[in-house]
Amino acid sequence: MSAITRDEVAHLARLSRLAISDDELDHYATQLDDIIAAVAKVAEVAAEDVPPSSHALPLTNVFRADEVRQSLTPELALSGAPAVEDDRFRVPRILGEEA
Amino acid sequence: MSVMAYDEALERYEPVLGLETHVELGTHSKMFCGCSTTFGAPPNTHVCPTCLALPGSLPVANEMAIESTIRIGLALNCSIAEWCRFARKNYFYPDMPKNYQISQYDEPLCFDGYLDVEVDGRTVRIEIERVHLEEDTGKSTHVGGATGRIQGADYSIVDYNRAGIPLVEIVTKPIPGTDRLAPEVARAYATELRELMRSLGVSDVRMEEGSMRCDVNVSLMPRGSSEWGTRTETKNVNSLRSVERSVRSEIQRQAAILAEGGRIIQETRHFHEDTGMTTSGRSKEEAQDYRYFPEPDLVPIAPDPVWVARLKSALPELPAVRRKRLQAEWGVSDHDMESMHNADAIEIVEATIAAGAPAADARKWWMGELARRANESGKALADLPITPAQVARVTELVASGTLNDKLAREALDGVLAGEGSPDEVVASRGLQIADEGELATIVEQVLAGNADAVEKVRSGKIAAVGALVGGVMKASRGKADAARARELILEKLGVSE
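In order, the protein sequences belong to chains A and L.
Position one of the first sequence corresponds to residue 1 (full-length UniProt numbering), numbered consecutively onward.
Position one of the second sequence corresponds to residue 1 (full-length UniProt numbering), numbered consecutively onward.
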């Protein structure tokens with residue numbers, strides 16, 4: 001497996017809006033590499049008699065009751081947003097001119 | 001944009017319809033978290049780490065939403081999946097903070113059903129492909145640019161209160177064979193579906209607030225061909241009337257293109273209430289691959305057959321069955337029942353009858369005078385400022401001889417103008433039918449003043465009595481009982497019919 005580069009970690013961090021220091025870039029690159037290598041082992045043991053699954057646990061029907069719970073305040077909800085306007089999340093132009 | 005006359009379009013082409021309807025469920029809390037679903041709250045007050053997709057949060061499915069979806073499926077004669085999963089639909093609009101919407105893909109909760117609708121006295125069976133559960137998206141406002149639309153905007157602002165509200169999508173199979181009734185069939189289907197949702201109590205289905213939204217697919221094939229044409233999908237259709245209009249205008253638009261040898265582009269189109277026409281939206285050919293995959297944060301759903309059977313046996317009387325029962329109880333014709341249904345008047349007429357009005361009177365006032373008022377003010381019948389009980393009281397006042405029809409209309413006027421109950425309006429406006437003594441006096445005066453008409457009636461031209469009755473009504477300022485006045489006139493002139 002190819003190693004995860006510092007640049008890739010920096011890219012992921014930017015997409016995820018996470019502030020990561022230079023030291024942490026190396027740290028996470030190694031960690032992510034290990035995780036991907038570990039997960040890749042699954043492909044080695046996958047056999048035709050093992051059905052694909054979408055969840056780690058053999059459970060069905062995990063539901064919650066239809067009850068209202070406390071939401072965040074708008075101040076708190078918006079506190080992590082890069083830009084805010086009128087109590088709404090402000091996002092860059094969605095479609096280009098040609099759309 | 002050129003369009004072809006509807007009749008000509010139908011002579012040359014045969015339409016095929018398809019409808020995708022989204023219904024917001026009326027649960028208290030969202031699909032995967034405990035935030036409230038109440039409409040109209042200040043922006044971003046019904047949001048939490050789960051529906052904002054903050055790191056570490058996990059969704060858990062709302063049992064009531066699952067139950068409501070199964071009930072909808074059962075009411076639409078669908079099979080219910082024994083086992084199914086949610087799926088991630090990945091895309092890059094910011095209306096979902098997760099960058100994906102939790103939906104269902106190849107494993108819908110309900111599938112293969114049908115809904116029968118009545119159009120023009122005939123039953124059309126609409127086959128249902130699937131009913132699946134997903135979450136609604138946030139509401140974007142586009143800032144800058146001339147139109148307030150996403151195209152040309154400088155940036156957008158997003159309110160996530162709606163993000164995560166349970167949303168049911170009901171998809172029909174393609175509907176061929178509706179011919180020139182395609183617009184009416186589309187409307188009848190949306191109407192029937194809305195009533196079905198109401199009777200199940202699963203949604204308030206307010207199209208103007210977006211809790212029910214229709215996407216209308218239309219394609220045309222030349223007469224004699226069996227190969228379906230390219231379809232377009234019209235969005236932004238937010239009233240029953242618009243469903244009908246959008247099908248009609250899209251048939252006319254496509255026919256004009258095809259007749260000139262053109263090609264229909266598979267695309268999303270937007271319906272405009274003001275012009276009744278559609279304009280091009282995003283091209284479906286460029287629509288991105290949503291990279292659906294089974295949702296790893298949620299476990300599969302395997303509805304217990306005992307639960308499903310219990311839900312099925314507890315379904316309420318469905319609207320079509322109820323209408324048949326009411327029609328028999330009220331003794332009205334198919335045509336009158338269909339008119340009431342189309343005017344969305346059945347519930348209100350039923351409530352008026354329950355408040356004591358005879359069926360014929362309840363129907364007469366709501367479908368006549370009150371329908372006219374509603375039409376004039378551009379309101380729905382149910383939004384007129386008068387209650388079924390008040391209408392029932394007016395019919396009672398007519399039956400007891402206190403009011404005639406003309407005075408009853410005045411009483412309704414007063415109630416609609418906010419002057420109080422029918423009895424208060426009758427008292428304050430002095431609406432009271434003339435008593436026998438007053439009536440006799442007025443009849444004498446009118447006979448004395450209309451020698452010509454009197455002579456005609458005496459000489460056998462009974463029809464001339466109409467002018468005399470009219471004179472009595474005028475002299476009494478509408479307060480006479482016309483039928484009784486006619487009797488009195490004939491009696492005094494010694495003429496019998």
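Glycine is no exception: its CB is placed at the ideal position from the N, C-alpha and C atoms.
Because the structure is a prediction, the values reported are computed rather than measured.
Between the CA atoms of residue j and residue i - distance to the nearest angstrom
i: L/T278; j: L/I102; result: 30 Å
i: L/V205; j: L/I462; result: 56 Å
i: L/R231; j: L/S246; result: 14 Å
i: L/N161; j: L/G121; result: 43 Å
i: L/D336; j: L/E244; result: 21 Å
i: L/L326; j: L/A188; result: 19 Å
i: L/A483; j: L/I489; result: 10 Å
i: L/A440; j: L/A343; result: 42 Å
i: A/V42; j: A/E75; result: 44 Å
i: residue 108 of chain A; j: A/R14; result: Residue 108 of chain A cannot be examined here, being either before or after the span of chain A that is shown, 1 to 99.
i: A/I4; j: L/L167; result: 39 Å
i: A/L12; j: L/A182; result: 50 Å
i: L/P108; j: L/V171; result: 11 Å
i: L/V472; j: L/S400; result: 21 Å
i: A/R6; j: A/D26; result: 6 Å
i: L/I150; j: A/I94; result: 7 Å
i: L/E347; j: L/V216; result: 27 Å
i: L/L315; j: L/S211; result: 22 Å
i: A/E24; j: L/I70; result: 49 Å
i: L/P300; j: A/T60; result: 5 Å
i: L/D116; j: L/W330; result: 23 Å
i: L/D334; j: L/R322; result: 14 Å
i: L/Q266; j: L/Q254; result: 11 Å
i: L/A355; j: L/P422; result: 14 Å
i: L/T395; j: L/E444; result: 30 Å
Residue of the options minimising C-alpha distance to residue i
i: L/D159; options: L/D435, L/A41, L/H22 and L/A188; result: L/A41
i: L/L133; options: L/V185, L/I80, L/Y93 and L/S242; result: L/I80
i: residue 562 of chain L; options: L/A448, L/V398 and L/T402; result: Since the first residue shown for chain L is 1 and the last is 497, residue 562 of chain L is missing from the structure and cannot be characterised.
i: L/L311; options: L/L431, L/I66, L/K379 and L/P166; result: L/I66
i: L/R477; options: L/L431, L/R486 and L/V457; result: L/L431
i: L/H28; options: L/H22, L/L17, L/Y292 and L/T37; result: L/T37
i: A/P58; options: L/A302, L/R363, L/V443 and L/V495; result: L/A302
i: L/I126; options: L/L19, L/I165 and L/L74; result: L/L19
i: L/T352; options: L/E376, L/Y6 and L/A382; result: L/A382
i: L/G437; options: L/N450, L/Y292, L/A480 and L/K406; result: L/A480
i: L/L10; options: L/R223, L/K492, L/A320 and L/W366; result: L/R223
i: L/F32; options: L/Y155, L/V495, L/P15 and L/S57; result: L/S57
i: L/G26; options: L/R241, L/A355, L/S199 and L/H341; result: L/S199
i: L/L240; options: L/T69, L/S219, L/E250 and L/E192; result: L/E192
i: L/T268; options: L/G152, L/S333 and L/S219; result: L/S219
i: A/Q31; options: A/E48, A/R17, A/E85 and A/E8; result: A/E8
i: L/A362; options: L/S377, L/E14 and L/T387; result: L/T387
i: L/T137; options: L/G164, L/I442 and L/D154; result: L/G164
i: L/E455; options: L/K492, L/D413 and L/E419; result: L/K492
i: L/L447; options: L/Y155, L/S428, L/G470 and L/G145; result: L/G470
i: L/P296; options: A/I35, A/S54 and A/A10; result: A/S54
Sequence-distant residues of the same chain with beta carbon closer than 6 Å to residue i, five excluded per side
i: L/A453; result: A464, A467 and L468
i: L/V185; result: V119, V124 and T178
i: L/N238; result: M207
i: L/P97; result: L52 and A53
i: L/D106; result: none
Neighbourhood of residue i by C-beta, 8 Å cutoff - its chain only, sequence neighbours within 5 removed
i: A/A83; result: F89, R90 and V91
i: L/T45; result: N161
i: L/R263; result: T230 and I257
i: L/Q104; result: C84, R85, F86, A87, H132, L133 and E134
Same chain only: Cβ atoms within 7 Å of residue i, ignoring 5 sequence neighbours per side
i: L/P294; result: R85 and A87
i: L/S2; result: A256
i: L/N99; result: N90 and F92
i: L/L384; result: L370, R373, A374 and L416
Contact belief for residue i with residue j at Cβ below 8 Å, rounded distance in angstroms
i: L/A408; j: L/L397; result: 7 Å
i: L/V495; j: L/V457; result: 6 Å
i: L/V60; j: A/V62; result: 6 Å
Any C-beta of chain D under 8 Å from that of residue i
i: A/L59; result: The structure shown contains no chain D; its protein chains are A and L.
| query | If you measure beta-carbon to beta-carbon, which residues of the stretch 78-95 of chain A are closer than 7 Å to chain L? | reply | Along the stretch 78-95 of chain A, the positions whose C-beta sits under 7 Å from a C-beta of chain L are L78, E85, D86, D87, R88, F89, R90, V91, P92, R93, I94 and L95, read in chain order.
| Residues within the stretch 78-95 of chain L neighbouring chain A, beta-carbon criterion of under 8 Å | Under the 8 Å Cβ criterion, the stretch 78-95 of chain L contributes W83, R85, Y93 and P94.
| Members of the stretch 53-64 of chain L that neighbour chain A once the beta carbon cut-off is set at 7 Å | Answer set for the stretch 53-64 of chain L: V60, A61, N62, E63 and M64.
| field | Against chain A: residues of the stretch 304-324 of chain L by CB proximity under 7 Å | value | Result list empty, no residue passes.
| When Cβ atoms are compared, which residues of the stretch 17-48 of chain L fall closer than 7 Å to chain A? | Those would be T27, H28, S29, G34, C35, S36, P42, P43, N44, T45, H46, V47 and C48, in chain order.
| Between the stretch 148-159 of chain L and chain A, which residues of the former have CB atoms less than 9 Å from a CB of the latter, in chain order? | Against chain A - using a Cβ distance shorter than 9 Å - the residues of the stretch 148-159 of chain L are I150, Q151, G152, A153, D154, Y155, S156, I157, V158 and D159.
| task | Return the residues of the stretch 339-359 of chain L that lie within a Cβ-Cβ distance of less than 7 Å from chain A, sorted by chain order. | result | Those residues of the stretch 339-359 of chain L that come within reach of chain A (Cβ to Cβ, closer than 7 Å) do not exist; the list is empty.
| message | What are the residues in the stretch 107-133 of chain L lying within 8 Å of chain A by C-beta distance? | response | So the list is empty, because no residue satisfies the distance condition.
| query | Using a beta-carbon distance cut-off of less than 7 Å, what residues from the stretch 36-47 of chain A approach chain L? | reply | Cβ contacts with chain L come from no residue of the stretch 36-47 of chain A.
| Of all the residues that make up the stretch 8-30 of chain A, which are near chain L by a beta-carbon distance shorter than 7 Å? | Those residues of the stretch 8-30 of chain A that come within reach of chain L (Cβ to Cβ, closer than 7 Å) do not exist; the list is empty.
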